[in-house]
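Trainee: Numbering (my numbering), first residue to last: 294 to 885. Ideal placement from N, C-alpha and C gives every residue a C-beta, glycine not left out. Just so we're clear, the structure is a prediction, and the values are computed from it rather than from any experiment.
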């Protein structure tokens with residue numbers, strides 16, 4: 294039965310694509326049923342009602358063996374519940390959001406493939422199995438981000454995501470190869486690290502940083518962060534799935550899974566911590582100036598992922614996983630809430646064309662309010678507990694990163710209150726906002742369920758920390774609580790004072806609004822160089838290979854043939870003369 298956890302979404306994707314695609318209701322039922330079955334099996338594994346399946350040998354060579362199986366431990370149990378549980382709610386929400394889309398069957402087939410790929414990463418027993426599913430997640434994201442491929446922006450965003458991840462995945466692959474060359478295995482087993490104890494320190498550092506490249510791509514850390522905001526071009530349920538439960542969470546999960554390798558190099562952990570901390574602050578600054586409701590949430594995801602990666606680098610992977618769990622709930626809630634708003638606004642995403650939705654969409658309003666409080670770190674909401682855990686880890690390890698993280702917490706409260714006030718309060722700023730109405734129950738029920746988790750999941754802080762790391766240090770909130778409350782309160786007060794009753798943004802900081810001009814920098818350097826190489830290759834193909842080698846050799850043979858035809862006159866005396874002339878020339882060359 295445990296194998297169905299992995300295979301049910303795959304069979305759903307194959308069945309819909311090959312057989313039931315013309316039958317919309319049947320396709321939707323198969324997809325939702327498959328992820329529901331995976332969720333039930335995940336519950337069984339979590340409660341130990343269902344045993345982990347026996348692995349089977351896939352590759353066995355001299356001294357090298359690869360098994361395909363399930364690694365079931367507290368870490369994977371938690372992640373399976375997040376992937377399948379939140380994934381199920383997103384599937385149900387999609388029934389309403391994508392109801393009128395002509396490609397809805399194709400959409401659900403791709404969702405099933407995405408869930409299959411992510412489950413494969415979670416249960417992987419070794420680097421090679423993880424890497425296979427790692428790449429399948431990349432393919433799935435490409436297909437879903439570019440689902441509306443008729444739009445140029447969507448197809449461009451899909452390619453951008455795919456290529457950005459290939460850069461990180463190449464480094465990840467090199468790290469796996471280096472790990473195998475040093476240990477002789479690719480298994481996730483701390484017992485294989487004995488051969489590494491005699492390895493030179495810088496070699497371990499290079500290996501760990503190469504493995505970290507996989508997280509830089511999947512979890513969109515600087516400098517490969519540019520794909521994640523553009524991924525908003527896909528349908529909103531895709532945004533929720535990518536940002537909350539699957540793709541971007543894969544990088545943090547992978548770091549937690551292989552922490553026994555990462556801790557071999559303290560200097561590499563320092564790099565990981567600083568990359569995460571800088572990404573958290575960088576993305577939060579950009580979020581303060583975005584006008585697209587989904588892009589604000591996208592940069593928020595970048596910032597929160599930076600928190601998690603920073604926690605891993607500071608040695609607190611249980612705190613990172615705790616924040617990953619709470620973030621999955623409240624970020625899925627916020628994205629689906631944004632989807633409800635966009636659906637009511639006839640696919641308008643500019644929050645300065647919204648306003649006055651509080652009374653028109655009460656369920657969406659209250660659930661979005663809970664998600665906003667959780668993300669902002671308001672006390673007693675889930676995000677408060679997990680954020681405090683990360684701040685505590687940062688203070689114990691890197692005090693400078695603690696202050697960066699605290700500043701980021703204040704910015705988070707500021708830009709989320711900016712979003713909340715602009716969307717739900719004040720006058721309606723467009724005709725669509727004036728005629729908006731609440732979404733159907735198939736869309737609001739998942740919001741209510743997720744809001745309950747966003748509100749109460751944080752109360753398992755100590756229990757979850759013990760669940761993930763029984764011998765780990767306790768989470769000390771008292772030392773950082775005053776600082777946290779002050780910065781969050783400051784962000785809320787500033788946001789309220791600046792954006793109450795505003796019809797346009799009173800603050801304009803071009804550097805933040807244009808995302809530090811990183812995309813423009815890439816366009817004028819990497820993309821320009823790539824285009825130059827493309828034009829150079831096209832010129833070489835046309836003139837050097839096509840004209841010079843292919844057509845040139847053909848032309849030379851043709852001209853040579855025409856020239857030789859001049860000597861084929863059919864006159865025997867002429868042939869005799871030419872023969873004699875050739876003999877004379879040959880004798881001259883020999884005896885001269």
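Take residue 434 as the anchor and find which of 451, 710, 583 and 646 has the nearest alpha-carbon.
Mentor: For residue 434, the nearest C-alpha among the options comes from 451.
Trainee: According to the Cβ coordinates, are residue 796 and residue 727 closer than 9 Å?
Mentor: Result no, Cβ atoms of residue 796 and residue 727 do not sit closer than 9 Å.
Trainee: Between the C-alpha atoms of residue 655 and residue 626, what's the straight-line distance to the nearest angstrom?
Mentor: About 15 Å.
Trainee: May I ask you to verify whether the segment 443-459 touches the segment 564-577, counting CB pairs closer than 8 Å and requiring at least 3?
Mentor: Not touching, per the Cβ criterion.
Trainee: Answer yes or no: do residue 389 and residue 733 have a C-beta to C-beta separation smaller than 9 Å?
Mentor: Against a cut-off of 9 Å, the Cβ pair of residue 733 and residue 389 comes out as a contact.
Trainee: Taking the DSSP output, what are the residues bridged to residue 349?
Mentor: Answer by DSSP bridge pairing, in chain order: 361.
Trainee: Would you kindly report the start and end of the unbroken alpha helix (DSSP H) that includes residue 546?
Mentor: Taken as a continuous stretch (DSSP letters only), the alpha helix (DSSP H) holding residue 546 covers 540-550.
Trainee: If you pair each beta-carbon of the segment 630-645 with each one of the segment 579-596, do three or more pairs fall below 8 Å?
Mentor: Yes: the two stretches touch, three or more of their Cβ pairs being nearer than 8 Å.
Trainee: Going by alpha carbons, who is nearest to residue 466 out of 454, 441, 510 and 482?
Mentor: If we check each option's Cα against that of residue 466, 510 comes out closest.
Trainee: So, at 6 Å on beta carbons, what are the nonlocal neighbours of residue 373 in its own chain, with the 5 sequence-adjacent residues on each side left out?
Mentor: 335 and 415.
Trainee: Please specify which runs of the alpha helix (DSSP H), each continuous and at least 4 residues long, are wholly inside the segment 607-662, giving them in chain order.
Mentor: Within the segment 607-662, the complete alpha helix (DSSP H) runs of at least 4 residues are 610-637.
Trainee: Using CA coordinates, which residue listed in 319, 460 and 780 is at the minimum distance from residue 672?
Mentor: If we check each option's Cα against that of residue 672, 780 comes out closest.
Trainee: Once the 5 residues before and after residue 593 are set aside, which same chain residues still bring their CB inside 6 Å of it?
Mentor: So the qualifying residues of the chain are 580.
Trainee: Alpha carbon to alpha carbon, how far is residue 921 from residue 623?
Mentor: The displayed coordinates of the chain run from 294 to 885. Any statement about residue 921 would go beyond what the structure contains.
Trainee: Mark residue 877 as exposed unless 16 or more other C-beta atoms lie within 10 angstroms of its C-beta, in which case mark it buried.
Mentor: Flag for residue 877 reads exposed.
Trainee: Go through its chain and collect everything with a Cβ distance to residue 303's Cβ below 8 Å, but skip five positions before and after it.
Mentor: Once the five neighbours on either side are set aside, the close Cβ partners of residue 303 are 405, 406 and 409.
Trainee: Within the same chain, show all residues whose beta-carbon is closer than 7 Å to that of residue 369, passing over the 5 residues directly before and after it, in chain order.
Mentor: For residue 369, where only same-chain residues beyond five positions count, the Cβ hits under 7 Å are 415 and 416.
Trainee: So, helix, strand or coil for residue 517, using DSSP?
Mentor: Note: residue 517 maps to coil in three-state DSSP.
Trainee: Taking residue 819 as part of the alpha helix (DSSP H), name the residues at either end of that continuous run.
Mentor: That residue, residue 819, is in no alpha helix (DSSP H); it is neither H nor E in DSSP.
Trainee: DSSP on residue 585, reduced to helix/strand/coil?
Mentor: Looking at residue 585 - three-state DSSP - the assignment turns out to be strand.
Trainee: By how many angstroms is the C-alpha of residue 454 removed from the C-alpha of residue 462?
Mentor: Taking the straight line from one Cα to the other gives about 12 Å.
Trainee: Whose C-beta lies closer than 8 Å to the C-beta of residue 541 among residues of the same chain, with five residues either side of it excluded?
Mentor: Excluding residues within five positions, the ones whose Cβ falls inside 8 Å are 511, 512, 513, 521, 535, 594 and 598.
Trainee: Since residue 380 and residue 328 are thought to touch, with beta carbons under 8 Å apart, how far apart are those beta carbons, to the nearest angstrom?
Mentor: Residue 380 to residue 328, Cβ: 5 Å. Contact.
Trainee: Does the segment 395-402 come into contact with the segment 333-350, if we say contact requires no fewer than three beta-carbon pairs (one atom in each stretch) closer than 8 Å?
Mentor: No: fewer than three Cβ pairs fall under 8 Å.
Trainee: Could you give the distance in angstroms between the alpha-carbon of residue 845 and the alpha-carbon of residue 481?
Mentor: Approximately 57 Å, taken between the alpha carbons.
Trainee: Closest to residue 682 by CA distance: which of 609, 805 and 737 is it?
Mentor: Closest by alpha carbon: 609.
Trainee: What ranges does the beta strand (DSSP E) occupy inside the segment 828-866, keeping only unbroken runs of at least 3 residues that lie completely in it?
Mentor: Runs found: none.
Trainee: What three-state label does DSSP hand residue 354 in the structure shown?
Mentor: Looking at residue 354 - three-state DSSP - the assignment turns out to be strand.
Trainee: Closest to residue 679 by C-alpha separation, out of 638, 630, 712 and 774, would be which residue?
Mentor: Nearest option by C-alpha distance: 774.
Trainee: Using the Cα positions of residue 873 and residue 865, report the straight-line distance between them to the nearest angstrom.
Mentor: If I take the Cα positions, the gap works out to 12 Å.
Trainee: Since residue 612 and residue 686 are thought to touch, with beta carbons under 8 Å apart, how far apart are those beta carbons, to the nearest angstrom?
Mentor: That pair is a contact at about 5 Å.
Trainee: Apply the 10 Å Cβ neighbour rule to residue 607 and answer buried if 16 or more other Cβ atoms are within range, or exposed otherwise.
Mentor: Answer is buried; the Cβ neighbour count reaches 16.
Trainee: Of all the beta strand (DSSP E) runs that stay within the bounds of the segment 453-536, which reach a length of 3 or more residues?
Mentor: Listed in chain order, nothing qualifies, since the segment 453-536 has no complete beta strand (DSSP E) run of 3 or more residues.
Trainee: Between the Cα of residue 557 and those of 742, 517 and 486, spot the shortest distance and give me the residue it belongs to.
Mentor: Of the listed residues, the one whose Cα sits closest to residue 557 is 486.
Trainee: Give the secondary structure of residue 794 by DSSP, where H, G and I count as helix, E and B as strand, and everything else as coil.
Mentor: Three-state result, residue 794: coil.
Trainee: With the cut-off set at 9 Å, would you say residue 777 and residue 663 are in Cβ contact?
Mentor: No, they are not a contact pair.
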